[in-house]
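Participant:
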Ligand code: HEC
């Protein structure tokens, strides 16, 4: 199952660490963490056991999103916060009176139930609302809740959202929906009562916190329609998918690259497609976390909203092959030795031996820089001798004599 385990008990990695122009510090302190490739493979076999994410079931799969302020939120993390018993997601959308009129009530819900372990977040899945516009709306209506932005409408599809102003209460422990629907019957299209005659959300919250099922687990929630982007009817692997993978993934996911499996053919990609969906939805991959709303980055590795929707729609459709030659068969991304140009100075690390199995503790490797005067550091790059065994490197600088 794990080829090469006996024949090759050790893998070697001589890590090159380069300093372009060094500023000040006479000592560079390098922390290296290495992991065995075989261990990683084993981990991936385990990871394959994760349940598929298709269908609108009651259990909410993990997902991660940025909010209107650019802050990162992960569903699993929220659920596992010790004080959290339930998550209340309120579906927001700009310009919808049925949303705007609910804000004071939701603040009262947070006031009353926040201390009892209910975390309230908003979710915006509107195609037409930009982050800037959501910020403006939040300011105008004093929505001081995190508004998670589902730009690729991933959760809109999974939760089966059709309208805004819906409240969804989720049990943090089971991650199942306990209640979904309206807050009460006060608001309806073009109609508004001064007082509700029936309340739904608050009794559902009370029942849930008492450990009981709400009497009414689902009600109709009047709100504004959410238009879901219709993915192109015929997404073709060769025409639409492989180019995105080449741009965003294959640089690492190639034979000998740092990604643990190569995206080297349609069959490979299809086999990994469910796992790809999971890591995209949870924002683990591509490993690029710069916020696209802040400036423009050179060599941006992030998926655009369009690319993300296209990939996910294709996976959802069962990753169809379609026509055309396989653009990933035999494709090898250009490899460059130094991404930042030829360095002024290369510092070799002593060769690191990595056992074929097991978890390794951090290794701290100290190296001295050869400078005897202050110099400017313009950039630096880590160039692993064996990408298959290097997991990550943290490089820090220390002044001589400091701890
Ligand atoms: C900069 C390099 C890099 C890029 C770009 C990249 N990956 Fe990865 N990927 C990795 C590494 C490294 C791992 C292993 C992570 C680990 O061991 O913690 C990985 C792991 C994975 C896994 C397995 C996750 C698991 O935990 O089982 C999947 C699936 C994946 N990547 C999909 C993608 C997709 C899809 C893209 C493009 C949208 C992508 N990756 C882009 C480096 C990359």
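In my numbering, the protein residues as written are 701 to 1103. Where is the CB? At the ideal position from N, CA and C, for every residue including glycine.
Would you mind giving the Cβ-Cβ distance between residue 765 and residue 848, rounded to the nearest angstrom? I have them listed as a contact below 8 Å.
Facilitator: About 4 Å; that satisfies the 8 Å criterion.
Participant: Just how far apart, CA to CA, sit residue 877 and residue 1008?
Facilitator: About 26 Å.
Participant: Can you tell me whether residue 775 is buried or exposed? The criterion is at least 16 other CB atoms within 10 Å of its CB, across all chains shown.
Facilitator: Per the 10 Å Cβ criterion, buried.
Participant: So, do the segment 1037 to 1049 and the segment 1010 to 1028 have three or more beta carbon pairs nearer to each other than 8 Å?
Facilitator: No: fewer than three Cβ pairs fall under 8 Å.
Participant: Using a threshold of 8 Å, is the CB atom of residue 997 nearer than that to any non-hydrogen atom of the ligand HEC?
Facilitator: Residue 997: no, Cβ never under 8 Å from the ligand HEC.
Participant: Is any heavy atom in the ligand HEC found nearer than 8 Å to the beta carbon of residue 827?
Facilitator: No.
Participant: Quick check: residue 969 and residue 945, are their CB atoms within less than 9 Å of each other?
Facilitator: Going by C-beta atoms, residue 969 is nearer than 9 Å to residue 945.
Participant: Below 8 Å on the Cβ atoms is my guess for residue 694 versus residue 926; work out the distance and round it to an integer in Å.
Facilitator: For the chain, the structure presents residues 701 to 1103; residue 694 sits outside this window and is missing.
Participant: Note down the Cα distance separating residue 780 from residue 985, rounded to an integer number of angstroms.
Facilitator: Looking at the two C-alpha atoms, the distance is approximately 22 Å.
Participant: For residue 1042, is the classification buried or exposed, using 16 other Cβ atoms within 10 angstroms of its Cβ as the cut-off for buried?
Facilitator: Residue 1042 is exposed by the Cβ-count criterion.
Participant: With a threshold of 8 Å, establish whether the CB of residue 944 neighbours any heavy atom of the ligand HEC.
Facilitator: The answer is yes for residue 944.
Participant: Helix, strand or coil for residue 773, going by three-state DSSP, please let me know.
Facilitator: Residue state, collapsed to three classes: strand.
Participant: Considering only heavy atoms of the ligand HEC, does any lie closer than 8 Å to the CB of residue 979?
Facilitator: Yes, Cβ of residue 979 sits closer than 8 Å to a heavy atom of the ligand HEC.
Participant: DSSP three-state label for residue 1065, please.
Facilitator: Three-state result, residue 1065: strand.
Participant: Measuring from the CB of residue 976, is there a heavy atom of the ligand HEC at a distance below 8 Å?
Facilitator: Checking the Cβ of residue 976 against the ligand HEC gives yes.
Participant: Following the continuous alpha helix (DSSP H) through residue 841, name the residue where it begins and the one where it ends.
Facilitator: Element bounds for residue 841: n/a, residue is neither H nor E.
Participant: Nearest to residue 1037 by CA position, among 789, 787, 976, 1082, is which residue?
Facilitator: Answer by Cα proximity: 1082.
Participant: Given a threshold of 16 other Cβ atoms within 10 Å of its Cβ, counted over all protein chains shown, does residue 989 qualify as buried or as exposed?
Facilitator: Result: exposed.
Participant: Can you say whether residue 913 is buried or exposed, counting buried as having 16 or more other CB atoms within 10 angstroms of its CB?
Facilitator: When all chains shown are included, residue 913 counts as exposed.
Participant: Pull up the distance between the alpha-carbon of residue 1029 and that of residue 966, whole angstroms please.
Facilitator: Cα-Cα distance, rounded: 8 Å.
Participant: In this structure, does DSSP put residue 853 in helix, strand or coil?
Facilitator: Coil at residue 853, not helix or strand.
Participant: Measure how close the beta-carbons of residue 791 and residue 866 come, nearest whole angstrom, since I'm counting them as under 8 Å.
Facilitator: About 5 Å; that satisfies the 8 Å criterion.
Participant: Just to confirm, does residue 962 get its C-beta within under 8 Å of one of the non-hydrogen atoms of the ligand HEC?
Facilitator: Outside the cutoff, so no.
Participant: According to DSSP, simplified to helix, strand and coil, what is residue 1010?
Facilitator: Of the three classes helix, strand and coil, the one that applies to residue 1010 here is helix, per DSSP.
Participant: Do residue 973 and residue 933 have their C-beta atoms closer together than 9 Å?
Facilitator: Not closer than 9 Å, so no.
Participant: Between residue 1011 and the ligand HEC, is there a pair consisting of the residue's CB and a ligand heavy atom that are separated by less than 8 Å?
Facilitator: The answer is yes for residue 1011.
Participant: Grab the span of the alpha helix (DSSP H) containing residue 966 for me, first residue to last.
Facilitator: That run of the alpha helix (DSSP H) goes 966 to 981.
Participant: Taking 8 Å as the cut-off, does the CB of residue 951 come closer than this to any heavy atom belonging to the ligand HEC?
Facilitator: Residue 951: yes, Cβ under 8 Å from the ligand HEC.
Participant: I need the straight-line Cα distance from residue 1053 to residue 1035, nearest angstrom please.
Facilitator: Between residue 1053 and residue 1035, the C-alpha separation is close to 25 Å.
Participant: For residue 904, count neighbouring C-beta atoms within 10 Å of its own C-beta (all shown protein chains included) and say buried if the count is 16 or more, exposed if not.
Facilitator: Label assigned to residue 904: buried.
Participant: Check whether the Cβ of residue 1014 sits closer than 8 Å to any heavy atom of the ligand HEC, and report yes or no.
Facilitator: No, Cβ of residue 1014 sits at least 8 Å from all heavy atoms of the ligand HEC.
Participant: Let me know if residue 997 comes out buried or exposed under the rule of 16 or more other beta-carbons within 10 Å of its beta-carbon.
Facilitator: Result: exposed.
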